[in-house]
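Residue numbers (the working numbering), protein chains in the order written: chain A, -14 to 266; chain B, -4 to 244.
To start, the structure under review is shown below, and the notes come after it.
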């Protein structure tokens, strides 16, 4: 939106000439008009179908509604944070096992990574909800949700970490070898710290996926934001307004996570910024 | 510069292939303690590969390499301990990008030799002062010029008190005005009696500093001799052609 082109745009496109600037200006006006028309029709449609009626919105003025939503939000945050941590640790272990020298372990980690990556998290949740209890293993709904979400994310994260490790230049390893570091120390002191910095943006986008995955909590009746919103919807018969509010909350959460990612990328990027480019990774 | 007569590095009948390509063919080379050996030759001649086999960054197919009379360890802790005794300076510097200049130099002593932090830092500062980059100690590598980075890389190697040092085209990635600042540090090392194997295109360095020039082409050592012998009276046609081509410009 700002008048200054971002660095990404600078990298991909040349500076616009007079014709391009004119075309861009026309395009901007046209899309703003279309956007206004779209919003107008959406509101009109809400009005026609009586969705703007006070009875669909008044419950949002009550403290109990918000307390209930906040309880759900707290559930969502708990699941997201615990899943985020487990999936990162598990993803890291899967990656280390896969790139290690032990052939058997490597194959096992590779199969698990691909399995977790390709199974839909909903299917994993059904497995923990419907199949595992049949074998007498009982667990709270929190874990029936958190474990499968963690597993699904760990597969993706293992691949993200592996991409990060591959992105560390080979010369770093060779230099570490040449001063006599052992394999374990090279991984811990040289490769992983650099690989993690490289993948921070991907890690955070995966955290966004985890937050979105938590919305299937209703399957195991775990009271997350979405589940509690559904309860409110049936109590107040307020589908559109409730989903509208919940959507905004999810957008805010994920926007905050993305801002965090930009901040982290900047902070670690500054440390290894190259002379040639002033822009961090 | 007088070399005594103990061969610290010995290579006997070393062969190596990259698939079809025979990159090292029956290499025999002894390096005496305190000797400076310069490897020159056209690109693709195998000189870098030869240099890298000495600390086993490249493995060999057959033949043997001895260091102080003992075959190189093949893996694990023994190999790491061996590499700690040999300094290596790379064409692309390879400073640890996420660590400060000071940490780059202290990492080896602290992690490998077990030197206490304060002592390692004191020695690192001395080394950085010696190569002229002490003021940069708390910057990260990307903030330094190429010449400065390469001098730090030399300091990083020296911090391990190596018995010999390998230089794999140490000035090839540098802007022309930075080449001399690195070469000066290398000249000083040579004068202090460091055993050095240097792959380089810097003929003035070879002539001025080396005890012996080894000319390679097509994976073979074509000829070797003192710098004066080699540069003034090359014996093989390949060497004559090579010298003509670099003098041509």
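No residue lacks a Cβ here, since even glycine has one placed at the ideal position from N, Cα and C.
All values derive from a computational prediction rather than experimental measurement.
Residue i, DSSP secondary structure in three states
i	result
residue 86 of chain B	coil
residue 189 of chain B	coil
residue 222 of chain A	coil
residue 66 of chain B	strand
residue 203 of chain A	helix
residue 55 of chain B	coil
residue -14 of chain A	Note on residue -14 of chain A: pLDDT 39, under 50, position unreliable in the model; the coordinate value appears next. Three-state DSSP puts residue -14 of chain A in coil, outside helix and strand.
residue 60 of chain A	helix
residue 244 of chain A	helix
residue 164 of chain A	coil
residue 91 of chain B	coil
residue 209 of chain A	coil
residue 331 of chain B	For chain B, the structure presents residues -4 to 244; residue 331 of chain B sits outside this window and is missing.
residue 7 of chain B	strand
residue 194 of chain A	helix
residue 231 of chain A	helix
residue 61 of chain B	strand
residue 194 of chain B	strand
residue 35 of chain A	coil
residue 181 of chain B	helix
residue 170 of chain B	coil
residue 5 of chain A	helix
residue 155 of chain B	coil
residue 118 of chain B	helix
residue 78 of chain B	helix
residue 259 of chain A	In this predicted model, residue 259 of chain A has a pLDDT of only 40, less than 50, meaning its place in the structure is not dependable; the value taken from the coordinates is given anyway. Coil.
residue 232 of chain B	helix
C-beta contact flag for residue i and residue j at 8 Å
i	j	result
residue 10 of chain B	residue 24 of chain B	no
residue 147 of chain A	residue 84 of chain A	yes
residue 137 of chain B	residue 179 of chain A	no
residue 81 of chain A	residue 98 of chain A	no
residue 126 of chain A	residue 207 of chain A	yes
residue 46 of chain B	residue 139 of chain B	no
residue 198 of chain A	residue 134 of chain A	yes
residue 4 of chain B	residue 159 of chain B	yes
residue 56 of chain A	residue 243 of chain A	no
residue 177 of chain B	residue 165 of chain B	yes
residue 216 of chain A	residue 129 of chain A	no
residue 62 of chain A	residue 107 of chain B	no
residue 131 of chain B	residue 145 of chain B	no
residue 9 of chain A	residue 1 of chain A	yes
residue 238 of chain A	residue 196 of chain A	yes
residue 231 of chain B	residue 219 of chain B	no
residue 162 of chain A	residue 52 of chain B	yes
residue 216 of chain B	residue 22 of chain B	yes
residue 69 of chain A	residue 192 of chain A	yes
residue 189 of chain A	residue 245 of chain A	yes
residue 267 of chain A	residue 131 of chain A	Not covered by the structure: residue 267 of chain A. The range shown for chain A is -14 to 266.
residue 152 of chain B	residue 84 of chain B	yes
residue 104 of chain A	residue 201 of chain A	no
residue 126 of chain B	residue 149 of chain B	yes
residue 222 of chain B	residue 199 of chain B	no
Under 8 Å by beta carbon: chain D residues contacting residue i
i	result
residue 242 of chain A	This model lacks chain D altogether; the protein chains it does include are A and B.
Interface positions of the segment 104 to 121 of chain B facing chain A (Cβ-Cβ less than 8 Å), listed along the chain:
106, 107
Does the structure place the segment 219 to 233 of chain A close enough to the segment 87 to 102 of chain A that three or more beta carbon pairs sit under 8 Å?
no
Quick check: the segment 111 to 121 of chain A against the segment 35 to 52 of chain A, are there 3 or more CB pairs under 8 Å?
no
Any contact of the segment 134 to 145 of chain A with the segment 156 to 174 of chain A, i.e. 3+ C-beta pairs under 8 Å?
no
Please go through the segment 67 to 144 of chain A and give each complete alpha helix (DSSP H) segment of 4 or more residues, from N-terminal end onward.
88 to 103, 106 to 111
Count Cβ pairs between the segment 147 to 159 of chain A and the segment 28 to 45 of chain A that sit closer than 8 Å; are there 3 or more?
no
Using a beta-carbon distance cut-off of less than 9 Å, what residues from the segment 177 to 198 of chain A approach chain B?
178, 179, 182
Positions along the segment 140 to 166 of chain A whose CB lies within less than 7 Å of some CB in chain B
156, 157, 159, 160, 162, 163, 164, 165, 166
With a floor of 3 residues, list each beta strand (DSSP E) that falls wholly inside the segment 122 to 151 of chain B, ordered by position along the chain.
none
Should the segment 111 to 119 of chain B be called in touch with the segment 163 to 179 of chain B, which here means at least 3 C-beta pairs below 8 Å?
no
Between the segment 50 to 79 of chain B and chain A, which residues of the former have CB atoms less than 7 Å from a CB of the latter, in chain order?
50, 52, 72, 75, 76, 78, 79
Count the C-beta pairs between the segment 31 to 41 of chain B and the segment 208 to 219 of chain B that are closer than 8 Å, then say yes if the count reaches three, no if not.
yes
Do three or more CB pairs link the segment 220 to 228 of chain B to the segment 174 to 194 of chain B at distances below 8 Å?
no
Below 9 Å between beta carbons is the criterion; list the residues of the segment 76 to 96 of chain A that meet it against any residue of chain B, in chain order.
none
Using 8 Å as the Cβ pair cut-off and three pairs as the minimum, do the segment 66 to 76 of chain B and the segment 182 to 190 of chain B touch?
no
When you check each C-beta in the segment 106 to 121 of chain A against every C-beta of chain B, which residues fall closer than 8 Å?
none
Runs of beta strand (DSSP E) lying entirely within the segment 11 to 56 of chain B, each at least 3 residues, in chain order:
16 to 27, 31 to 35
Given a limit of 7 Å on CB to CB distance, which residues of the segment 81 to 93 of chain B reach chain A?
83, 85, 87, 89, 91, 92, 93
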